[in-house]
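Chains L and Z, in that order, are what the protein sequence lines are. Each residue of the first sequence is one higher than the last, beginning at 0 in numbering that gives the first Met the number 0. Each residue of the second sequence is one higher than the last, beginning at 0 in numbering that gives the first Met the number 0. Each residue gets a CB set at the ideal place from its N, CA and C atoms; glycine is no exception. Because the structure is a prediction, the values reported are computed rather than measured. Down below is the structure, laid out as structure tokens.
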Amino acid sequence: MGFDVSLGQYYEANSFVHKLDPRMKLLFVIVFLVATFVAKNIFAFVLLVALILFFVIISRVPLRVIFKGLKPLIVIIIFTAVLNIFFTKGENYLWGKEIIPNFWRVDIYWEGLINAGILVVRIVTLLIGTSLFFSYTTTPIELTDGIETGLAPLKKIKIPIHEFAMMMTIALRFIPTLIDETSKIMNAQKARGADFSSGGLIKRAKALIPIIIPLFVSAFRRADELATAMECRCYHGGNGRTRMKILKMKARDYIMLLISVAMMVSVILLNIYAGGYSL
Amino acid sequence: MSIIELVDVGFIYGKKSPYEIHALQNINLKIEEGCITGIIGHTGSGKSTLVQIFNGLIRPDSGKVLVNGKDIWEKPKEISKIRYIVGMVMQYPEYQLFADTVWEDIAYGPRNMKVSEEEVKKRVERSAYFCGISKETLEKSPFDLSGGQKRRVALAGVMAMDPDVLVLDEPAAGLDPRGRREILGGIKEYREKSGKSVVIVSHSMEDMAMYCDTIAVMSHGKLIMHGDCKTVFSEKEMLAEAGLDVPEITNTVHALRKRGIEISKSIYTVDGAVNAIKEYLRGDKNGL
Numbered sequence: 000m001g002f003d004v005s006l007g008q009y010y011e012a013n014s015f016v017h018k019l020d021p022r023m024k025l026l027f028v029i030v031f032l033v034a035t036f037v038a039k040n041i042f043a044f045v046l047l048v049a050l051i052l053f054f055v056i057i058s059r060v061p062l063r064v065i066f067k068g069l070k071p072l073i074v075i076i077i078f079t080a081v082l083n084i085f086f087t088k089g090e091n092y093l094w095g096k097e098i099i100p101n102f103w104r105v106d107i108y109w110e111g112l113i114n115a116g117i118l119v120v121r122i123v124t125l126l127i128g129t130s131l132f133f134s135y136t137t138t139p140i141e142l143t144d145g146i147e148t149g150l151a152p153l154k155k156i157k158i159p160i161h162e163f164a165m166m167m168t169i170a171l172r173f174i175p176t177l178i179d180e181t182s183k184i185m186n187a188q189k190a191r192g193a194d195f196s197s198g199g200l201i202k203r204a205k206a207l208i209p210i211i212i213p214l215f216v217s218a219f220r221r222a223d224e225l226a227t228a229m230e231c232r233c234y235h236g237g238n239g240r241t242r243m244k245i246l247k248m249k250a251r252d253y254i255m256l257l258i259s260v261a262m263m264v265s266v267i268l269l270n271i272y273a274g275g276y277s278l
Numbered sequence: 000m001s002i003i004e005l006v007d008v009g010f011i012y013g014k015k016s017p018y019e020i021h022a023l024q025n026i027n028l029k030i031e032e033g034c035i036t037g038i039i040g041h042t043g044s045g046k047s048t049l050v051q052i053f054n055g056l057i058r059p060d061s062g063k064v065l066v067n068g069k070d071i072w073e074k075p076k077e078i079s080k081i082r083y084i085v086g087m088v089m090q091y092p093e094y095q096l097f098a099d100t101v102w103e104d105i106a107y108g109p110r111n112m113k114v115s116e117e118e119v120k121k122r123v124e125r126s127a128y129f130c131g132i133s134k135e136t137l138e139k140s141p142f143d144l145s146g147g148q149k150r151r152v153a154l155a156g157v158m159a160m161d162p163d164v165l166v167l168d169e170p171a172a173g174l175d176p177r178g179r180r181e182i183l184g185g186i187k188e189y190r191e192k193s194g195k196s197v198v199i200v201s202h203s204m205e206d207m208a209m210y211c212d213t214i215a216v217m218s219h220g221k222l223i224m225h226g227d228c229k230t231v232f233s234e235k236e237m238l239a240e241a242g243l244d245v246p247e248i249t250n251t252v253h254a255l256r257k258r259g260i261e262i263s264k265s266i267y268t269v270d271g272a273v274n275a276i277k278e279y280l281r282g283d284k285n286g287l
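As structure tokens, then:
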């Protein structure tokens, strides 16, 4: 389910965020991730939340769309929040030992409640931030392009960046194809009386064999054919390969760089001067 | 008696979205028992959607589907039983093979039906015979076979379920002429020996003319014609409108007629044409 969040949710619009260089988006998201985890007090969080809301608004992606993307993760968010409430030990009792018999072992402290709240804010801003920059405003192709050129310096230490990016592009390209194929094979096996929805766990797992095997066979065949087709068009890896779209940093990208730096610096300053979590 | 009957069936892809496509509109069709029925139409005319309605893989948005006179969607939970009555071979079925041996793969369907092992054996051997699969091939892995052989194994897998109607979606697509003849010949033999009904979807007019008893013509989601080969192929203009062609030999006959050679215009096989021309020549001599 979490799959939906990061894949193929491009929201077509013409905005500052959409037009940013994907490399810059990558950098910003990384800085943003670090900032969210470094942030220690309420002011830093307010700053980060305000910033991300600002970007959501100027990106022209409706809030409704973004919340829809969060929906599948609500259970996980609530689960972690509840764990934090019950399993954090602190000094300020909110509810617990004095009120009910000890064998229940539920002690709730103020600290736990705050921890849970902060965790929820952290997860939600992280999810909104990454999905806004990586999926709603960037096409998968732009993203892999950005990763490839952005990480190009790593080639010097023999990391095959081009190959990784190509693999990513191909993987993304073939997801819809494979989904299509799966439903075709399922229909064919259903026509032969296959039953995927009754019986115990083992029976159901066994019922999947007639789908998984043909799917693998065809995936391998496809890979083989694709490799041949690429070789026929003289593909021989990244060396000397030119690109159709050359990424270039523009004024708005430098503005974004400035914002990233300012964000990180102010979070650190707020951490130092405004103290830790306080009531 | 008709084994499958569609009453006013309609189906829409992507309902209530901007991409709504009326794949089928007001289809009324009867598939007669014991016949080979051909369904023809150009690409995207709704042929494949239509046959998926036959065995309940697709539920129509409107209208009724009757199999043996009973509405198949009366109890949606029991729809899988319909799939034993209406056996379906999809397009390019060779990709559905999965078992260790050809024998096991053909036995998959009958085993799902929970027939006895003895009966499974009988059915596997019988359908292997109709599809021209040799005893040695039955022991091989389906992945070691050629494309044409795989196709036959997939076909045998559905035949082995012993359905009352066998529905084949483009059974000969992508095969060489010999492969086509073998597979379609096998289907014809199966029909003759078992007496079961067969539905073939194709856009090859020649194949249809050779093997089918009746033909239904689809165009833009509508059924525009349904009748025996003679009637359908004599409507050259209507077929052309639907983006279809008559068999080559019918074209030849039409050309001959234009030159004043009076032979019947509803000829659709080479043998038929040979006989008609012979007769014409004989008549000509008599006239002289």
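Where do the N-terminal and C-terminal ends of the beta strand (DSSP E) with residue i fall, by residue?
{"i": "residue 61 of chain Z", "result": "61 to 66"}
{"i": "residue 188 of chain L", "result": "From DSSP, residue 188 of chain L is part of no beta strand (DSSP E) but of the alpha helix (DSSP H) over 160 to 190."}
{"i": "residue 168 of chain Z", "result": "164 to 168"}
{"i": "residue 254 of chain L", "result": "Run containing residue 254 of chain L: none in the beta strand (DSSP E); it sits in the alpha helix (DSSP H), 250 to 273."}
{"i": "residue 200 of chain Z", "result": "196 to 201"}
Is there a Cβ of chain A sitting closer than 8 Å to that of residue i, yes or no?
{"i": "residue 8 of chain L", "result": "In the displayed structure, chain A is absent; the protein chains listed are L and Z."}
For a cutoff of 8 Å on Cβ pairs, would you count residue i as touching chain L?
{"i": "residue 79 of chain Z", "result": "yes"}
{"i": "residue 107 of chain Z", "result": "yes"}
{"i": "residue 74 of chain Z", "result": "no"}
{"i": "residue 129 of chain Z", "result": "no"}
{"i": "residue 28 of chain Z", "result": "no"}
{"i": "residue 25 of chain Z", "result": "no"}
{"i": "residue 67 of chain Z", "result": "no"}
{"i": "residue 274 of chain Z", "result": "no"}
{"i": "residue 207 of chain Z", "result": "no"}
{"i": "residue 204 of chain Z", "result": "no"}
{"i": "residue 87 of chain Z", "result": "yes"}
Using beta carbons (cut-off 8 Å, strictly below), is residue i in contact with chain Z?
{"i": "residue 51 of chain L", "result": "no"}
{"i": "residue 3 of chain L", "result": "Note that residue 3 of chain L has pLDDT 38, beneath the 50 cutoff, so the model's placement of it is unreliable and the number below is only indicative. So no, residue 3 of chain L is outside the interface."}
{"i": "residue 278 of chain L", "result": "Per-residue confidence for residue 278 of chain L stands at a pLDDT of 42, beneath the threshold of 50, marking its modelled position as unreliable; the derived number appears in the next sentence. False, the Cβ-Cβ gap to chain Z never drops below 8 Å."}
{"i": "residue 0 of chain L", "result": "The pLDDT assigned to residue 0 of chain L is 30, lower than 50, so where the model puts this residue is not dependable; a value taken from the coordinates is nonetheless given after this. Closer than 8 Å: no."}
{"i": "residue 182 of chain L", "result": "no"}
{"i": "residue 201 of chain L", "result": "no"}
Cβ closer than 8 Å: which chain L residues qualify as neighbours of residue i?
{"i": "residue 83 of chain Z", "result": "192"}
{"i": "residue 157 of chain Z", "result": "190, 191"}
{"i": "residue 56 of chain Z", "result": "186, 189, 190"}
{"i": "residue 319 of chain Z", "result": "Residue 319 of chain Z falls outside the range modelled here, since chain Z spans only 0 to 287, and no answer is possible."}
{"i": "residue 112 of chain Z", "result": "192"}
{"i": "residue 160 of chain Z", "result": "191, 192"}
Alpha carbons only, please: which of the options is nearest the one belonging to residue i?
{"i": "residue 19 of chain L", "options": "L:135, L:117, L:76, L:36", "result": "L:135"}
{"i": "residue 189 of chain L", "options": "Z:40, Z:57, Z:24, Z:251", "result": "Z:57"}
{"i": "residue 83 of chain L", "options": "L:163, L:165, L:110, L:62", "result": "L:110"}
{"i": "residue 27 of chain Z", "options": "Z:65, Z:135, Z:267", "result": "Z:65"}
{"i": "residue 186 of chain L", "options": "Z:36, Z:12, Z:52, Z:32", "result": "Z:52"}
{"i": "residue 149 of chain L", "options": "L:81, L:90, L:247, L:113", "result": "L:247"}
{"i": "residue 40 of chain Z", "options": "Z:25, Z:278, Z:237", "result": "Z:237"}
{"i": "residue 169 of chain Z", "options": "Z:143, Z:204, Z:196", "result": "Z:204"}
{"i": "residue 112 of chain Z", "options": "Z:97, Z:250, Z:157", "result": "Z:157"}
{"i": "residue 210 of chain Z", "options": "Z:18, Z:160, Z:197", "result": "Z:197"}
{"i": "residue 81 of chain Z", "options": "L:191, L:171, L:172", "result": "L:191"}
{"i": "residue 132 of chain Z", "options": "Z:147, Z:195, Z:230", "result": "Z:147"}
{"i": "residue 119 of chain L", "options": "L:48, L:235, L:197, L:30", "result": "L:48"}
The alpha helix (DSSP H) spanning residue i covers which residue range?
{"i": "residue 114 of chain L", "result": "109 to 129"}
{"i": "residue 148 of chain Z", "result": "146 to 158"}
{"i": "residue 51 of chain Z", "result": "46 to 53"}
I'd like to check one pair, residue j with residue i: are the Cβ atoms closer than 8 Å?
{"i": "residue 166 of chain Z", "j": "residue 269 of chain Z", "result": "no"}
{"i": "residue 245 of chain Z", "j": "residue 232 of chain Z", "result": "yes"}
{"i": "residue 153 of chain Z", "j": "residue 109 of chain Z", "result": "no"}
{"i": "residue 114 of chain Z", "j": "residue 164 of chain Z", "result": "no"}
{"i": "residue 96 of chain Z", "j": "residue 213 of chain L", "result": "yes"}
{"i": "residue 138 of chain L", "j": "residue 9 of chain L", "result": "yes"}
{"i": "residue 200 of chain Z", "j": "residue 139 of chain Z", "result": "no"}
{"i": "residue 270 of chain L", "j": "residue 39 of chain L", "result": "yes"}
{"i": "residue 132 of chain L", "j": "residue 28 of chain L", "result": "yes"}
{"i": "residue 44 of chain Z", "j": "residue 8 of chain Z", "result": "no"}
Which chain L residues are close to residue i, counting only those with a beta carbon under 7 Å from its beta carbon?
{"i": "residue 279 of chain Z", "result": "Residues of chain L passing the Cβ test: none, with the nearest at roughly 48 Å."}
Please list, in chain order, the chain Z residues whose beta carbon lies closer than 7 Å to that of residue i.
{"i": "residue 212 of chain L", "result": "97"}
{"i": "residue 217 of chain L", "result": "94"}
{"i": "residue 208 of chain L", "result": "97"}
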